[in-house]
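>
2 protein chains.
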Amino acid sequence: MRAEEREEIVRHPLLAACQAETLDLLLQGAFVQRFPAHTQLTREGEKADFLYAVLSGAIELAASWLDRETTIAVIGPPHTFIVAAVALDRLYLQSARVLEPSRILMLPAAPIRKAMRTDAGFATAIAEEMANAYRNVAQELKNQKLRTSLERLANWLVHRDKETGGGHRFIIPFEKKILAARLGMAPEALSRAFATLVKYDVRIDGATVVVKDWAALEKLAHPDPLIDDETI
Amino acid sequence: MRAEEREEIVRHPLLAACQAETLDLLLQGAFVQRFPAHTQLTREGEKADFLYAVLSGAIELAASWLDRETTIAVIGPPHTFIVAAVALDRLYLQSARVLEPSRILMLPAAPIRKAMRTDAGFATAIAEEMANAYRNVAQELKNQKLRTSLERLANWLVHRDKETGGGHRFIIPFEKKILAARLGMAPEALSRAFATLVKYDVRIDGATVVVKDWAALEKLAHPDPLIDDETI
DNA sequence: CGACGAATTGAGTTCACTCAACTGGGGTGG
DNA sequence: CCACCCCAGTTGAGTGAACTCAATTCGTCG
């Protein structure tokens with residue numbers, strides 16, 4: 000690993016509270032790599048031998064059963080993925096695919112488990128990262144079980160708008176079929192849902208969304224911090 | 000706290016790897032209490048001021064939005080709940096209700112966060128508990144997004160049968176409407192799903208389930224360790 | 001015995017899926 | 001440079017899954 004890379008990585012939330020010796024141990028076999036879109040980083044069912052952290056770009060976590068597949072989450076910087084499998088030395092429950100060209104930090108799993116046992120700062124950082132991950136899936140499960148697909152889409156739009164600065168005009172940052180899977184619906188259902196949203200003055204042109212009547216959309220979405228806010 | 004209680008609690012997986020000073024700190028304001036069924040222990044949106052561990056009994060975690068409500072999970076010994084909210088000092092995302100008379104260990108939140116920062120063994124135990132919780136919700140999300148309600152029921156039956164010793168005859172340990180909410184369906188839909196399972200030679204009488212043709216049920220359920228096994 | 005809540009059954013409707021056909025760029029190669 | 005293809009996305013039609021509302025049965029407890 001190059002010195003300037005090390006500089007950067009040491010400031011990562013996961014490593015910032017580490018003791019110096021822990022850092023040395025962790026960064027021994029670590030490396031940073033760029034991956035092009037569509038790269039498959041992990042496959043569900045494989046042994047967890049790396050912890051991945053997204054430095055830039057976006058990663059899709061997907062899961063399958065029989066011949067069906069769905070998207071569990073989309074991860075951006077500075078978050079990690081499959082940290083739970085690493086901490087427990089178990090199998091990945093999800094596959095990870097690169098959505099857009101990404102820089103990824105890869106940390107070997109065994110030193111992580113070892114470091115947790117000796118460095119409370121690091122173990123706490125791992126616990127906090129995992130707590131966030133837990134809350135995000137729990138929120139997603141609520142989203143999924145309590146809302147219809149139109150409501151999920153409306154809330155995704157509200158959320159995305161806030162994320163991009165609240166200009167009521169933004170682009171969808173990945174393919175619509177991935178958005179559909181993320182929202183738990185068929186691609187056709189997403190198309191029809193967008194068509195339905197025209198009634199609420201939401202205009203869509205390609206990947207660009209314009210919300211003309213914010214109040215109407217928000218009334219439909221009824222966003223709830225306990226489901227929609229990443230840090231509440 | 001009584002001495003024999005302390006004896007018991009100190010062996011709990013969450014505390015077994017603690018340093019002695021950490022234990023003292025944690026158990027300072029801790030107590031064990033019995034709760035009758037239907038007690039509400041936490042409400043979603045409240046500040047997290049206790050970590051709860053189930054010593055015996057069963058707890059339902061529920062969440063709501065507008066006028067809808069659903070069950071997120073059912074927790075039994077020796078697991079904890081709302082550990083993520085405690086670790087991050089945030090709001091509970093779920094309400095917890097006592098399903099059957101239960102003994103609960105309650106640990107004040109502030110000492111937990113403090114102890115994590117100084118005791119690597121404890122922080123690791125918290126991280127591992129949380130990793131399990133994460134994997135369980137992630138599995139539940141897969142279950143929810145990838146399976147129909149009939150398939151979810153079939154898998155719940157398979158799972159419950161294994162849990163109770165594989166005798167192909169067991170009881171449903173709580174009300175059917177809670178099972179329905181757990182499986183993400185309306186109570187009426189659960190009734191009809193049971194009716195459908197008669198075709199697969201599953202007999203149901205009150206809370207008692209008898210599986211006459213195990214192969215048929217398993218073929219329908221297609222259980223997958225990456226969704227259905229708690230520790231893979 | 002009556003009362004209450006849980007569970008089932010019935011009927012109708014809505015939601016969301018599948019399958020299929022069609023549209024509209026973007027890219028490739030003749 | 002244009003024709004073609006390919007894939008994402010849309011649109012249409014039909015089906016099935018699962019919900020709501022309502023009525024009925026069942027079991028338990030006072």
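Protein chains in written order, with numbering that gives the first Met the number 0: chain A, 0 to 231; chain B, 0 to 231.
Glycine included, each C-beta is placed from N, C-alpha and C at the ideal position.
#1: Name the two residues that bound the continuous alpha helix (DSSP H) containing A/Pro-107.
#2: Whole-angstrom Cβ separation of B/Gly-164 and B/Glu-99, contact assumed at under 8 Å?
#3: I need the DSSP call for B/Gly-293, collapsed to helix, strand or coil.
#4: Less than 8 Å between CB atoms is the rule here; does A/Tyr-133 satisfy it with respect to chain B?
#5: So A/Tyr-133 packs on B/Ala-132, CB below 8 Å; how close in whole Å?
#6: Between A/Val-73 and chain B, is any beta-carbon pair separated by less than 8 Å?
#7: DSSP on A/Gln-32, reduced to helix/strand/coil?
#8: In the DSSP output, what is A/Glu-68 paired with across the bridge?
#9: Nearest-angstrom Cα distance between B/Arg-5 and A/Ser-101?
#10: So if I threshold CB-CB distances at 9 Å, which residues from the stretch 202 to 229 of chain B count as touching chain A?
#11: At the 8 Å Cβ level, is A/Val-136 part of the contact set with chain B, yes or no?
#12: With distances taken between CB atoms, is the gap from B/Met-0 to B/Ala-29 smaller than 8 Å?
#13: Taking A/Glu-128 as the reference, give the member of B/Ala-83, B/Thr-21, B/Thr-70 and B/Trp-213 with the closest Cα.
#14: Return the Cβ separation of B/Leu-145 and A/Ile-71 in integer angstroms, given the expectation that the two are a contact with Cβ distance under 8 Å.
#15: Which value, in whole angstroms, describes the spacing of the CA atoms of A/Thr-79 and A/Lys-175?
#16: Tell me B/Leu-90's beta-bridge partners as DSSP assigns them.
#17: Answer with buried or exposed for A/Glu-150, where buried requires no fewer than 16 other C-beta atoms within 10 angstroms of its C-beta.
#18: Is the Cβ-Cβ distance between B/Val-53 and B/Ile-74 less than 8 Å?
#19: Considering Cα atoms alone, identify which of A/Leu-178, A/Asn-142, A/Asp-200 and A/Arg-67 is closest to A/Leu-225.
#20: Does the Cβ-Cβ distance between A/Leu-106 and A/Phe-49 come in under 8 Å?
#21: Counting only Cβ pairs nearer than 7 Å, list the residues of chain A close to B/Leu-92.
#22: Examine the Cβ distances between the stretch 165 to 173 of chain B and the stretch 111 to 125 of chain A and report whether three or more of them are shorter than 8 Å.
#23: Using alpha carbons as the reference points, say which of B/Leu-216, B/Arg-159, B/Asp-212 and B/Arg-89 lies closest to A/Glu-229.
#24: With a 10 Å radius around its C-beta and 16 neighbouring C-beta atoms as the bar for buried, classify B/Gln-39 as buried or exposed.
#25: For A/Ala-114, collect the residues of the same chain with a Cβ closer than 7 Å to its Cβ; drop the 5 residues on either side in sequence, then sort them by chain order.
#26: DSSP three-state label for B/Phe-169, please.
#27: Between which residues of its own chain and A/Gln-138 is the CB-CB distance below 6 Å, once the five residues before and five after are set aside?
#28: Name, please, each residue of chain A whose Cβ falls closer than 8 Å to the Cβ of B/Leu-98.
#29: I need the DSSP call for A/Gln-39, collapsed to helix, strand or coil.
#30: How is B/Ile-74 classed by DSSP in three states: helix, strand or coil?
#31: Give me the Cα-Cα distance between B/Ile-58 and A/Ala-2, rounded to the nearest whole angstrom.
#32: Compare the C-beta of A/Asp-66 with all C-beta atoms of chain B and state if any pair is closer than 8 Å.
#33: Identify which residue in A/Ile-103, A/Ser-63, A/Ile-8 and A/Arg-191 has its Cα closest to the Cα of A/Ala-153.
#34: In chain A, which residues lie with their C-beta within 7 Å of the C-beta of B/Thr-123?
#35: Since A/Leu-104 contacts A/Val-31 with CB under 8 Å, what's their CB separation in whole angstroms?
#36: Go through its chain and collect everything with a Cβ distance to B/Leu-216's Cβ below 7 Å, but skip five positions before and after it.
Walking through what the data contain:
#1: On the first sequence, position 108 is the one that residue 107 of chain A refers to. No alpha helix (DSSP H) holds A/Pro-107; the beta strand (DSSP E) holding it covers 94 to 107.
#2: As a first step, residue 164 of chain B is located in the second sequence; it is residue number 165 there, counting from the start. As a first step, residue 99 of chain B is located in the second sequence; it is residue number 100 there, counting from the start. About 20 Å separates the two Cβ atoms, so there is no contact after all.
#3: Given that chain B is displayed from residue 0 to residue 231, the structure contains no residue 293 of chain B and the question cannot be resolved.
#4: For the purposes of this step, residue 133 of chain A is taken as residue 134 along the first sequence, with counting starting at 1. Yes - at least one Cβ of chain B is within 8 Å of the one on A/Tyr-133.
#5: As a position in the first sequence, residue 133 of chain A is number 134, starting the count at 1. As a position in the second sequence, residue 132 of chain B is number 133, starting the count at 1. With a Cβ gap of about 6 Å, A/Tyr-133 and B/Ala-132 count as contacting.
#6: Here residue 73 of chain A refers to the residue found at position 74 when the first sequence is read from its first residue. Chain B, which has no Cβ nearer than 8 Å to the Cβ of A/Val-73, makes this no.
#7: Residue 32 of chain A sits at position 33 when you count from the first residue of the first sequence. Residue state, collapsed to three classes: strand.
#8: As a working note, residue 68 of chain A is residue 69 in the first sequence. Bridge partners of A/Glu-68: A/Ser-63.
#9: By one-based count along the second sequence, residue 5 of chain B stands at place 6. By one-based count along the first sequence, residue 101 of chain A stands at place 102. Going by the C-alpha atoms only, they are around 50 Å apart.
#10: His-221, Asp-223, Pro-224, Leu-225 and Ile-226
#11: The sequence position of residue 136 of chain A within the first sequence is 137, counting from 1. It does; some Cβ of chain B falls within 8 Å.
#12: Here residue 0 of chain B refers to the residue found at position 1 of the second sequence. Here residue 29 of chain B refers to the residue found at position 30 of the second sequence. For B/Met-0 and B/Ala-29, yes; Cβs fall inside 8 Å.
#13: Indexing the first sequence from 1 puts residue 128 of chain A at position 129. The shortest C-alpha separation from A/Glu-128 is found at B/Ala-83.
#14: Numbered from its first residue, the second sequence carries residue 145 of chain B at position 146. Numbered from its first residue, the first sequence carries residue 71 of chain A at position 72. B/Leu-145 to A/Ile-71, Cβ: 10 Å. No contact.
#15: In the first sequence, counting from the first residue as 1, residue 79 of chain A sits at position 80. In the first sequence, counting from the first residue as 1, residue 175 of chain A sits at position 176. Cα-Cα distance, rounded: 24 Å.
#16: What you label residue 90 of chain B is simply residue 91 of the second sequence in a count that begins at 1. In DSSP, B/Leu-90 forms a bridge with B/Lys-46.
#17: For the purposes of this step, residue 150 of chain A is taken as residue 151 along the first sequence, with counting starting at 1. Burial call: buried.
#18: Position 54 of the second sequence, counted from the first residue, corresponds to residue 53 of chain B. Position 75 of the second sequence, counted from the first residue, corresponds to residue 74 of chain B. Yes; because the gap between Cβ atoms is below 8 Å, this pair is in contact.
#19: The sequence position of residue 225 of chain A within the first sequence is 226, counting from 1. Comparing Cα positions, the closest option is A/Asn-142.
#20: Here residue 106 of chain A is taken as the residue at index 107 of the first sequence, counted from 1. Here residue 49 of chain A is taken as the residue at index 50 of the first sequence, counted from 1. A contact, by the Cβ cut-off of 8 Å.
#21: Taking the first residue of the second sequence as 1, we reach residue 92 of chain B at position 93. Per Cβ cutoff of 7 Å: Arg-134, Ala-137, Gln-138 and Leu-225.
#22: no
#23: Within the first sequence, residue 229 of chain A is the residue found at index 230, counting from 1. It is B/Arg-89 whose Cα lies nearest to the Cα of A/Glu-229.
#24: For the purposes of this step, residue 39 of chain B is taken as the residue at position 40 of the second sequence. The residue is exposed, with fewer than 16 neighbouring Cβ atoms inside 10 Å.
#25: The count along the first sequence starts at 1 and reaches residue 114 of chain A at position 115. Same-chain partners within the cutoff: Thr-21, Leu-24, Leu-25 and Phe-121.
#26: Locating residue 169 of chain B in the second sequence gives position 170, counting from the first residue. B/Phe-169: strand per DSSP, three-state reduction.
#27: Stepping through the first sequence from its first residue, residue 138 of chain A is reached at position 139. Once the five neighbours on either side are set aside, the close Cβ partners of A/Gln-138 are Ile-226.
#28: Numbered from its first residue, the second sequence carries residue 98 of chain B at position 99. Ordered by position in chain A, no residue passes the 8 Å Cβ test against B/Leu-98, which lies about 18 Å from the chain.
#29: One-based indexing of the first sequence puts residue 39 of chain A at position 40. Three-state result, A/Gln-39: strand.
#30: Position 75 of the second sequence, counted from the start, is the residue given in the question as residue 74 of chain B. Three-state DSSP puts B/Ile-74 in a strand.
#31: Taking the first residue of the second sequence as 1, we reach residue 58 of chain B at position 59. Taking the first residue of the first sequence as 1, we reach residue 2 of chain A at position 3. Their backbone Cα atoms lie some 51 Å apart in a straight line.
#32: Counted from its first residue, the first sequence places residue 66 of chain A at position 67. No, A/Asp-66 lies away from the interface with chain B (no Cβ there is under 8 Å from its Cβ).
#33: Residue numbering aside, residue 153 of chain A sits at position 154 when the first sequence is read from its first letter. Nearest C-alpha to A/Ala-153: A/Arg-191.
#34: In the second sequence, counting from the first residue as 1, residue 123 of chain B sits at position 124. What B/Thr-123 touches in chain A: Met-115, Arg-116 and Ala-122.
#35: Here the question's residue 104 of chain A lines up with position 105 in the first sequence. Here the question's residue 31 of chain A lines up with position 32 in the first sequence. Correct: roughly 5 Å between the Cβ atoms.
#36: Working through the second sequence from its first residue, we reach residue 216 of chain B at position 217. If we look at B/Leu-216 and ignore the five residues flanking it on each side, its Cβ neighbours are Ala-153, Leu-156, Val-157, Tyr-199, Val-201 and Val-210.
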